[in-house]
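Peer 1:
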Amino acid sequence: MAKKTVATLQSSSKRLTKAIKMVKSPKTGAYTFVESVMAPELVNDWLNKK
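In the working numbering, the protein residues as written are 2 to 51.
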């Protein structure tokens, strides 16, 4: 179960996107947030992989 939160960042001439997803820990069952800054084209691939 991943919640999609995307913010678009612009720095100089590059467009970057900060994506945040919730990941459930298999050991404790608690949810943690994983953040990554990447190109907008890569966001859906990153969110879909486990």
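Where is the CB? At the ideal position from N, CA and C, for every residue including glycine.
All values derive from a computational prediction rather than experimental measurement.
Provide the residue span of the beta strand (DSSP E) that contains L17, from first to last.
Peer 2: In the sequence shown, the residue the question calls residue 17 occupies position 16. That run of the beta strand (DSSP E) goes K15 to K25.
Peer 1: What's the gap between the Cα of E36 and the Cα of I21?
Peer 2: As a first step, residue 36 is located in the sequence shown; it is residue number 35 there, counting from the start. As a first step, residue 21 is located in the sequence shown; it is residue number 20 there, counting from the start. About 5 Å.
Peer 1: Out of T18, L17, T29 and V24, which one is the CA nearest neighbour of N49?
Peer 2: If you number the sequence shown from 1, residue 49 lands on position 48. Nearest C-alpha to N49: V24.
Peer 1: Could you tell me the distance, in whole angstroms, from the CA atom of E42 to the CA atom of A31?
Peer 2: Reading the sequence shown from its first residue, position 41 is the one you call residue 42. Reading the sequence shown from its first residue, position 30 is the one you call residue 31. For E42 and A31, the distance between alpha carbons rounds to 29 Å.
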